[in-house]
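Participant: One structure is given below, represented as structure tokens, and several questions about it will come after.
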Amino acid sequence: METNNLYINPYIRVLFAVFGIAGTLLINRISLLICFYLVVILPLFICGQQVKKHIQLMLFGMLPVFLSFVLLYILVLKGNEGGWNFVFMRTSKLILITSIIQLTLLIPAPFLIHTFQQWRLKEESLITVLGSFTVWTDIRFRAQQILTARFSRGFIRKRTFTEKIKQFPPILIPLVIGILRTSTERAESWESKNILHLIEINQTEKIKTPLLLNVFVCLSASIWMITGVLVFFIT
Amino acid sequence: MSDVDSASFLTVLPGKNFSGRSRYLKSLVASEKRDENLYLGELATHYISGIFPTVKEEINLHLSKADKNTTEIIKHLFSIYGFEKHLNKNPFLLSGGEQTILALLCHLLLQPDVLAVDTTLEQLNEEWRIPVWNAIQKGDFPQTKVFLADNRLNEYKSDCIKNFSAFENNEIFKWKFNLPVVNDSIEYEKVSQDIQLNNLSFSYQKNEKILENICLKLESNNIYHLEGANGAGKSTLAKILCGILKINKQQLFINGKEFDAYKYPGQLAGYSFQNPDEQLFSSGIEKEILYPLKKEPADYTQRRENYIQMFGLQDIRNAHPSELPFVMRKRVALAATLAMDRPWYILDEPTLGQDDNFVFFLIGLLNNLTKRGKGIIIISHSCTLTNNIKCKKLFLQNKKITF
Amino acid sequence: MNNKSHVNQEKMLTLTFIPLAIAINVALGAVVKALNMPLYLDSIGTVLATLLFGWKKGAIVGVLGFVVTTAISNPFAVYFSLTQIIIALFINHAGKSGWFKNTLSTIGTGFVLGLLTAIASAPVSIIIFQGATGNGAALITSFFVQMGNRIVESIFFAGFSIEPFDKILQCLLAFFVLKSIPNNLLEKFPSQSLRVNHFTDNGNQ
Numbered sequence: 013m014e015t016n017n018l019y020i021n022p023y024i025r026v027l028f029a030v031f032g033i034a035g036t037l038l039i040n041r042i043s044l045l046i047c048f049y050l051v052v053i054l055p056l057f058i059c060g061q062q063v064k065k066h067i068q069l070m071l072f073g074m075l076p077v078f079l080s081f082v083l084l085y086i087l088v089l090k091g092n093e094g095g096w097n098f099v100f101m102r103t104s105k106l107i108l109i110t111s112i113i114q115l116t117l118l119i120p121a122p123f124l125i126h127t128f129q130q131w132r133l134k135e136e137s138l139i140t141v142l143g144s145f146t147v148w149t150d151i152r153f154r155a156q157q158i159l160t161a162r163f164s165r166g167f168i169r170k171r172t173f174t175e176k177i178k179q180f181p182p183i184l185i186p187l188v189i190g191i192l193r194t195s196t197e198r199a200e201s202w203e204s205k206n207i208l209h210l211i212e213i214n215q216t217e218k219i220k221t222p223l224l225l226n227v228f229v230c231l232s233a234s235i236w237m238i239t240g241v242l243v244f245f246i247t
Numbered sequence: 023m024s025d026v027d028s029a030s031f032l033t034v035l036p037g038k039n040f041s042g043r044s045r046y047l048k049s050l051v052a053s054e055k056r057d058e059n060l061y062l063g064e065l066a067t068h069y070i071s072g073i074f075p076t077v078k079e080e081i082n083l084h085l086s087k088a089d090k091n092t093t094e095i096i097k098h099l100f101s102i103y104g105f106e107k108h109l110n111k112n113p114f115l116l117s118g119g120e121q122t123i124l125a126l127l128c129h130l131l132l133q134p135d136v137l138a139v140d141t142t143l144e145q146l147n148e149e150w151r152i153p154v155w156n157a158i159q160k161g162d163f164p165q166t167k168v169f170l171a172d173n174r175l176n177e178y179k180s181d182c183i184k185n186f187s188a189f190e191n192n193e194i195f196k197w198k199f200n201l202p203v204v205n206d207s208i209e210y211e212k213v214s215q216d217i218q219l220n221n222l223s224f225s226y227q228k229n230e231k232i233l234e235n236i237c238l239k240l241e242s243n244n245i246y247h248l249e250g251a252n253g254a255g256k257s258t259l260a261k262i263l264c265g266i267l268k269i270n271k272q273q274l275f276i277n278g279k280e281f282d283a284y285k286y287p288g289q290l291a292g293y294s295f296q297n298p299d300e301q302l303f304s305s306g307i308e309k310e311i312l313y314p315l316k317k318e319p320a321d322y323t324q325r326r327e328n329y330i331q332m333f334g335l336q337d338i339r340n341a342h343p344s345e346l347p348f349v350m351r352k353r354v355a356l357a358a359t360l361a362m363d364r365p366w367y368i369l370d371e372p373t374l375g376q377d378d379n380f381v382f383f384l385i386g387l388l389n390n391l392t393k394r395g396k397g398i399i400i401i402s403h404s405c406t407l408t409n410n411i412k413c414k415k416l417f418l419q420n421k422k423i424t425f
Numbered sequence: 050m051n052n053k054s055h056v057n058q059e060k061m062l063t064l065t066f067i068p069l070a071i072a073i074n075v076a077l078g079a080v081v082k083a084l085n086m087p088l089y090l091d092s093i094g095t096v097l098a099t100l101l102f103g104w105k106k107g108a109i110v111g112v113l114g115f116v117v118t119t120a121i122s123n124p125f126a127v128y129f130s131l132t133q134i135i136i137a138l139f140i141n142h143a144g145k146s147g148w149f150k151n152t153l154s155t156i157g158t159g160f161v162l163g164l165l166t167a168i169a170s171a172p173v174s175i176i177i178f179q180g181a182t183g184n185g186a187a188l189i190t191s192f193f194v195q196m197g198n199r200i201v202e203s204i205f206f207a208g209f210s211i212e213p214f215d216k217i218l219q220c221l222l223a224f225f226v227l228k229s230i231p232n233n234l235l236e237k238f239p240s241q242s243l244r245v246n247h248f249t250d251n252g253n254q
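Protein chains in written order, with my numbering: chain A, 13 to 247; chain B, 23 to 425; chain C, 50 to 254.
In structure tokens form, the structure reads like this:
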């Protein structure tokens, strides 16, 4: 299968998160932080074909944070409690840690079950976690459909901001009613299928681990951690 | 039930809405022993496990209990329906028909003693029904007896249909559905609003056009039957006419004048889609059909009353639309769309779950509407509807519309 | 029928409902984030799940919802997971005490909840973001700093000025949604909170 080369071993995922975050917390040099971002984080996003999403999140998530740092610490406090250096350090650390958490959570759909099973999730907890990662696609689609229906029934005359805000409750009501109905009908279906038993005997296919990627992830996180410890004790 | 042939693999239950069919099907599967009797309801989405990220894993989950022979047959059926290209997709992103097939075949994989299918298959067109239908009928799944409730029975070419009418005069249900003959007595001005599409193109993402250079004239006081494969762009076209999606200038004209549908959403066309649950908003039927205004014009009140009478909702006018059974929810949603009095209506599967009585009533109603100058576009797999109504056919294929 | 199958049915209902409630949190949170309002509206699923199934399920919905949100729309959500547990605990208590009986008491519940979540989320804003959370709250924080307050104080002030408003809105939304759901659907959910607050008629009959 062609998506196999994106597979990261679940244990290496956890190791990457722990070592990555620890290293980032210990290192206080902006040049090193940027280096790690460019050499490890960004290539991993590119390799996982998630660059677009990552950049989107950077623009909508990180940029406002950076701006509010500038606003608070440069414009309002006039650099009294830490100047540009503090701002850059804080933002780059935040960017790194958040990106690492994101990378850990961005699991391609074909590996979700396998990864969660390796993380020792079983039966009910496995169903819950798996569902939380998959079901929102359905709900987003339904919310769009409800909005379409409201438009076509002529309930939304203008496309102004306030008009959109007013649509919150009337969209939420059919959405929740739909969810309760789905939940009850699906519960009956799961009950009669005995889904817990099915999941228990379900055998997921073995996935071939792409060696190069996993070694790279594992090594880079370890080196980052060791560098962090060294820098911390030397300086 | 003595009048059900216990030997055949497939028992089809035709019949009227509210004849007690669903109740009978549910009683068939109600048993102490789990996973031996299974039930599939109206909407296939609810019967997909709903937690698995890919179609492949959804199928895999159900594979674990099936024997070798069944596995082979089901795998073959999946390949007939072209599921190879969907294996890594999210099951929720499949079309209604594909979800139906997925749910049905997965349930057959569990090899239940009884599989009760309650009008689920109506989402399939004739071409898609035949393979799985034949497989069941031939006895490819010898352990399983399939009971199928279906209102589009006259479209099936099948010998093993066993009539079932035990619940014809059942009184269990609160609402008895009789079609009253109500003549729409108000005189309307006949206004024709012809739609002209001029080189209409549309794409959600750049370079990926859904519709390309469509030139088309749709005359009101006509009924059009829009056909096209899943994902061909039928709902995209509907959304453009409703003013939900934005198109470029000089592409949509009404009676020769350019019309900016996007600026006036919902004014040109009313759109009713398959799942009624997404189009019911109010806490009462009256409010749902036409939302009460402080100062109502006389024809507004009368129009609401007319639709309540025509759709047989007078006994339940104070009920909450969402507490009704699926069949009635569908009718309320349809009535609400039609009552809006728009020049055009787009109806996606308006007769889902409805019996022939209702189909013929709807045909009459739609014909009446066209006489008043309305234009109607129907998207439907129901032959009973499309064969008995005078309609012009439109095919949406390869981003183009042909006649 | 027998007790065991009844318990099993309830378990299945919980299992199917939790992912859907999470989806509400994620979807609404994403919409609000895209509109860039000084609101969050990302806990309605948590409130509903808590009222229907108790605080443990509510907390699961809240925390998992924020984990998923982190991967999809708002990368910083995961840092605020603790707040969701506070919400679940408080709403559970409020629901069982009948604090959702009418509009007025719901507003009161939302206000108290807002104060609690402001206190619960302030440490995260201070330690991780130093006040620069990158949303409307950061602007208000800057405003209070400009007025001559210390940063930590300003963060609390900003929290107190946004959170109650946001949480009152969320509680009201949850209240009206539950009020407008027909009885025959809600009755399938065995919940004390629903009965205490008269969302279902069971208590009267």
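Beta carbons: idealized from backbone N, C-alpha and C, even for Gly.
Where valine 52 of chain A and isoleucine 109 of chain C are concerned, what is the direct C-alpha to C-alpha distance, given to the nearest angstrom?
Facilitator: When rounded, the distance between both Cα atoms is 32 Å.
Participant: Quick check on this structure: which residue in A:Asn40, A:Leu54, A:Ile46 has the alpha carbon closest to the alpha carbon of valine 229 of chain A?
Facilitator: It is A:Leu54 whose Cα lies nearest to the Cα of valine 229 of chain A.
Participant: Using 10 angstroms around the beta-carbon of lysine 78 of chain B, count the other beta-carbons present and answer buried if the total reaches 16, otherwise exposed.
Facilitator: Answer is buried; the Cβ neighbour count reaches 16.
Participant: Would you say isoleucine 135 of chain C and leucine 165 of chain C are within 7 Å of each other, going by their C-beta atoms?
Facilitator: Result yes, Cβ atoms of isoleucine 135 of chain C and leucine 165 of chain C sit closer than 7 Å.
Participant: Cβ of threonine 76 of chain B less than 7 Å from any chain A Cβ?
Facilitator: At least one chain A Cβ lies under 7 Å of threonine 76 of chain B.
Participant: With 16 as the cutoff for other CB atoms within 10 Å, does lysine 90 of chain B come out buried or exposed?
Facilitator: Label assigned to lysine 90 of chain B: exposed.
Participant: Along chain A, which residues have their Cβ under 7 Å away from the Cβ of glutamate 91 of chain B?
Facilitator: Glutamate is not the amino acid found at residue 91 of chain B; the sequence shown has asparagine there. Correct list: empty, because the minimum Cβ distance to chain A is about 19 Å.
Participant: Reducing DSSP to helix, strand and coil, say where leucine 116 of chain B ends up.
Facilitator: Looking at leucine 116 of chain B - three-state DSSP - the assignment turns out to be coil, as it is neither helix nor strand.
Participant: Taking 7 Å as the CB-CB cut-off, is valine 188 of chain A touching chain C?
Facilitator: At least one chain C Cβ lies under 7 Å of valine 188 of chain A.
Participant: In or out: serine 44 of chain B buried (at least 16 other Cβ within 10 Å) or exposed?
Facilitator: Per the 10 Å Cβ criterion, buried.
Participant: Quick one: is the Cβ of alanine 126 of chain C within less than 6 Å of any heavy atom of the ligand GDP?
Facilitator: Within the structure as shown, the ligand GDP is missing, as the structure has no ligands at all.
Participant: What are the residues in the region 362-383 of chain B lying within 7 Å of chain A by C-beta distance?
Facilitator: Listed by position, the residues of the region 362-383 of chain B near chain A (Cβ gap below 7 Å) are Met362.
Participant: Closer than 7 Å, CB to CB, is leucine 184 of chain A near chain B or not?
Facilitator: No, no contact with chain B.
Participant: Let me know the secondary structure DSSP gives serine 234 of chain A once reduced to three states.
Facilitator: Serine 234 of chain A: helix per DSSP, three-state reduction.
Participant: Does any C-beta atom of chain B lie closer than 7 Å to the C-beta of proline 122 of chain A?
Facilitator: Yes, its Cβ sits closer than 7 Å to a Cβ of chain B.
Participant: With three or more beta-carbon pairs closer than 8 Å as the criterion, would you say the region 317-334 of chain B touches the region 84-99 of chain B?
Facilitator: As far as the Cβ criterion goes, the region 317-334 of chain B does not touch the region 84-99 of chain B, which means the pair count is below three.
Participant: Let's test the definition: count the other Cβ atoms within 10 Å of the Cβ of glutamate 280 of chain B and tell me whether it reaches 16, buried, or not, exposed.
Facilitator: By the 10 Å Cβ count, glutamate 280 of chain B comes out exposed.
Participant: Along the region 125-148 of chain B, what residues have a CB closer than 9 Å to any CB found in chain C?
Facilitator: Residues passing the 9 Å Cβ filter: none.
Participant: Tell me the DSSP secondary structure of serine 294 of chain B in three-state form.
Facilitator: Strand at serine 294 of chain B.
Participant: Determine the closest residue to aspartate 172 of chain B out of B:Trp150, B:Ile152, B:Thr142, with distance taken between C-alpha atoms.
Facilitator: Looking at the Cα atoms, B:Thr142 is the closest of the given residues.
Participant: Taking 7 Å as the threshold (C-beta atoms), are alanine 155 of chain A and alanine 76 of chain C in contact?
Facilitator: For alanine 76 of chain C and alanine 155 of chain A, yes; Cβs fall inside 7 Å.
Participant: Apart from the five residues on each side of it in sequence, which residues of its chain come closer than 8 Å, Cβ to Cβ, to phenylalanine 98 of chain A?
Facilitator: Here the set comprises Tyr85.
Participant: Go ahead and pull the three-state DSSP assignment for threonine 95 of chain C.
Facilitator: Helix, per DSSP.
Participant: Considering only residues of the region 206-271 of chain B, which uninterrupted alpha helix (DSSP H) runs meet the minimum length of 4 residues and lie entirely inside it, listed in chain order?
Facilitator: With a minimum length of 4 residues, the continuous alpha helix (DSSP H) runs that stay inside the region 206-271 of chain B are 256-264.
Participant: Leaving out five residues before and five after glutamine 399 of chain B in sequence, what residues of the same chain have Cβ atoms less than 6 Å from its Cβ?
Facilitator: Position check: residue 399 of chain B holds isoleucine in this sequence, whereas glutamine was assumed. Here the set comprises Tyr246, Leu248, Ile368.
Participant: Have a look at C:Ile121, C:Ala79, C:Phe66 and flag the residue whose alpha-carbon is nearest the alpha-carbon of glycine 107 of chain C.
Facilitator: The residue with the shortest Cα to Cα distance from glycine 107 of chain C is C:Phe66.
Participant: Please identify the residue among A:Leu89, A:Leu50, A:Leu106, A:Leu133 whose C-alpha is closest to the C-alpha of glycine 73 of chain A.
Facilitator: The shortest C-alpha separation from glycine 73 of chain A is found at A:Leu106.
Participant: Listed in chain order, which residues of the region 221-241 of chain C have Cβ atoms closer than 7 Å to some Cβ of chain A?
Facilitator: Residues Leu222, Phe225, Val226, Ser229, Ile230, Leu234, Lys237.
Participant: Less than 7 Å separating the beta-carbons of isoleucine 307 of chain B and tyrosine 329 of chain B?
Facilitator: For isoleucine 307 of chain B and tyrosine 329 of chain B, no; Cβs fall outside 7 Å.
Participant: Determine, for phenylalanine 167 of chain A, whether the minimum Cβ-Cβ distance to residues of chain C falls below 7 Å.
Facilitator: No, because no Cβ of chain C sits closer than 7 Å to the Cβ of phenylalanine 167 of chain A.
Participant: Is it true that the region 150-166 of chain A meets the region 188-200 of chain C, where meeting means three or more beta-carbon pairs spaced less than 8 Å apart?
Facilitator: The answer is no - the region 188-200 of chain C does not touch the region 150-166 of chain A, with fewer than three Cβ pairs under 8 Å.
Participant: In chain E, which residues lie less than 7 Å from isoleucine 73 of chain B when you measure between Cβ atoms?
Facilitator: Here the protein chains are A, B and C, and chain E is not one of them.
Participant: Using only CA atoms, which one of C:Ser130, C:Gly159, C:Ser203 lies nearest to histidine 142 of chain C?
Facilitator: When only C-alpha atoms are compared, the closest one is C:Gly159.
Participant: Serine 170 of chain C: buried (16+ other C-beta within 10 angstroms of its C-beta) or exposed?
Facilitator: Answer is buried; the Cβ neighbour count reaches 16.
Participant: Determine the closest residue to glutamine 336 of chain B out of B:Ser101, B:Ile385, B:Leu170, B:Glu327, with distance taken between C-alpha atoms.
Facilitator: Ranking the options by Cα distance to glutamine 336 of chain B, first place goes to B:Glu327.
Participant: Under 7 Å Cβ to Cβ from isoleucine 211 of chain C, same chain only, skipping five residues before and after it: list those, please.
Facilitator: Here the set comprises Pro87, Gly185, Ala186, Ile189.
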